[in-house]
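Mapped onto this note's numbering, the consecutive letters of the sequence shown carry residue numbers 2 to 287.
Please read the structure below before turning to the comments.
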Amino acid sequence: MKIITTKQDLQAAVQECKKAGKTIGLVPTMGALHQGHASLVKRAVKENDICVVSVFVNPTQFNNKEDLAKYPRNIERDAELLSSIGAQYVFAPTPEEMYSAEEMNTTFEFDFAGLDKVMEGKMRPGHFNGVVQVVSRLFYLVQPDKGYFGEKDFQQLAIIHHMVERSSMAGTFGNLQIIDCPIVREESGLALSSRNERLSAQEKETALAISKTLFSSLKWAKEEGATVAQVQQRVIDTINAVEGLEVEYYEIVDQTTLLPTSTFDHAIGCVTVYCGPVRLIDNIKY
Ligand code: PAF
Numbered sequence: 002m003k004i005i006t007t008k009q010d011l012q013a014a015v016q017e018c019k020k021a022g023k024t025i026g027l028v029p030t031m032g033a034l035h036q037g038h039a040s041l042v043k044r045a046v047k048e049n050d051i052c053v054v055s056v057f058v059n060p061t062q063f064n065n066k067e068d069l070a071k072y073p074r075n076i077e078r079d080a081e082l083l084s085s086i087g088a089q090y091v092f093a094p095t096p097e098e099m100y101s102a103e104e105m106n107t108t109f110e111f112d113f114a115g116l117d118k119v120m121e122g123k124m125r126p127g128h129f130n131g132v133v134q135v136v137s138r139l140f141y142l143v144q145p146d147k148g149y150f151g152e153k154d155f156q157q158l159a160i161i162h163h164m165v166e167r168s169s170m171a172g173t174f175g176n177l178q179i180i181d182c183p184i185v186r187e188e189s190g191l192a193l194s195s196r197n198e199r200l201s202a203q204e205k206e207t208a209l210a211i212s213k214t215l216f217s218s219l220k221w222a223k224e225e226g227a228t229v230a231q232v233q234q235r236v237i238d239t240i241n242a243v244e245g246l247e248v249e250y251y252e253i254v255d256q257t258t259l260l261p262t263s264t265f266d267h268a269i270g271c272v273t274v275y276c277g278p279v280r281l282i283d284n285i286k287y
C-alpha cells in the first residue's frame, strides 16, 4: 500500500492505473477509521481493481472550530488497518495541499434543491457546501468508477447522489456510480462513528439508548399503529428521559426528498443527540 500526500502524485498514480485499464473505487474518509469504514473499503477492494482511500479531515465542512480541533486523528493506525484489508493507495494531504488560501476562506454555494436546508443542513450552516467541495475535488482527482459512502450520514449521501446526478449530464465525473453502504453497528446496537472515540465508557453505555429507541420505534409504527407524529414525539421523549442525552432533532422524512412525511412509506427517521459534549447521529428506515 502506498501513502500519497500530493495531488500531483495522486493523479500520476491514477493515470497509470487508468492506462492499464484498471477500475478504481474511492472511499473518502476523515480518518479515525473503524469497522464501518473497513466495511466500505473491503467492498471497494472486492468490486474494483484498485481501491483508493482518502484520509483528510476537511476543515471547510466544520462550522464549529472546537469540533474540528477535537476530531480524532491517527494516520499510523489508519494506515495499518487499510493495508491489512487490501487498499492500494491512501491519499492523506494537508489542508494547504488540498486548497488554496482563497478556497479555504471562501464559502462555496452549491444548489442542492433544498436537500441541505433541513436537519444537519439547518443545524450546521455551510456544512454540506464543505462536504461537496471536498468530495467533488476528490472525484475530479481520482476519477473513480465507484464512490463508497455510509448510510449513517444519510443526508450527506442524498446530497452526493444529487450532485453526481446533476453533473452526469455534463459528464464531469464520467460514469461514476455512488454505492450506498449500510450502517455498521456494535453488537450493542451503537452505530459506529469516529466520534465514539470521544465518549467515556459511561457515555458509551448511555448512548445505547439512541439505537435502542430507534429500534423500538419500528415496533411502535408497525405493531402498535402509532402515527408518524406520535412516533416522532415518543422517540424524542424517550431519549431525552435518559440522563446525559439531549435530542437536537428527530425528523421522519421521505428518503428521497428529505422532507417531512406523514406516512411510513419510504420513510427514514434521522436523529441527532448530544451525549455529553459529543454530537452523535443515527437513523432508521421504516
Ligand atoms: O463522511 C465523511 O467522513 C466526510 O463527510 C467525507 C465524505 C469524507 C467528506 O469529508
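A virtual CB, placed ideally from N, CA and C, is assigned to each residue, including glycine.
Note the first and the last residue of the continuous alpha helix (DSSP H) segment covering residue i.
i	result
I240	V229 to N241
T207	A202 to K223
K66	K66 to K71
Q157	F155 to S169
V119	Counting along the chain, V119 falls outside any alpha helix (DSSP H), and DSSP gives it neither H nor E.
Closest to residue i by C-alpha separation, out of the options, would be which residue?
i	options	result
S217	R235, R138 and Q256	R235
A33	A45, E17 and E77	E77
V254	E247, V272 and A242	V272
K123	Y250, K147 and D79	Y250
G277	L27, G245 and V135	G245
V243	K205, Y100 and G226	K205
N292	N130, C52, T207 and E225	With the chain running from 2 to 287 in the structure shown, residue 292 is simply not present.
V53	N176, T30, Y287 and K223	T30
A114	H162, H35 and G172	H162
K286	T173, G270 and Y275	G270
E188	F265, F92, L209 and N176	L209
L281	G226, T264 and E247	E247
D238	S201, T214, T258 and K71	T214
R138	K153, E152 and P96	P96
K20	V279, V46, F92 and I51	I51
May I have the straight-line CA-CA distance separating residue i from residue j, to the nearest angstrom?
i	j	result
R199	V165	33 Å
T107	S212	37 Å
L219	I160	26 Å
L116	T6	33 Å
Q256	H267	6 Å
L191	P183	14 Å
V143	Q12	7 Å
E110	R44	32 Å
S168	P145	14 Å
V58	P126	18 Å
V15	V56	17 Å
E67	S101	22 Å
N130	Q89	29 Å
H35	S201	17 Å
E103	K3	30 Å
So residue i and residue j are in contact, right, with Cβ under 8 Å, and what is the actual spacing, rounded?
i	j	result
V132	Q178	With a Cβ gap of about 19 Å, V132 and Q178 do not count as contacting.
F155	N284	5 Å
Y141	I180	Rounded, the Cβ-Cβ distance is 19 Å, inconsistent with contact.
E121	K8	Not a contact, Cβ separation roughly 28 Å.
K147	G26	5 Å
F174	A222	The Cβ separation is near 37 Å, so there is no contact.
From what residue to what residue does the beta strand (DSSP E) around residue i run?
i	result
A268	A268 to C276
R138	Segment H128 to V143 is the alpha helix (DSSP H) holding R138; no beta strand (DSSP E) there.
G26	I25 to T30
D112	Element bounds for D112: n/a, residue is neither H nor E.
R125	Looking at the DSSP string, R125 is not in any beta strand (DSSP E), and its letter there is neither H nor E.
V254	L246 to D255
Discussion item. Measuring CB atoms only, is the segment 226 to 233 touching the segment 185 to 196, in the sense that at least three cross pairs come out at less than 8 Å?
Written reply: With the cut-off at 8 Å, the segment 226 to 233 and the segment 185 to 196 do not touch.
Item to complete: For the segment 74 to 88 and the segment 29 to 49, state whether three or more C-beta atom pairs, one from each stretch, are separated by less than 8 Å.
Response: yes
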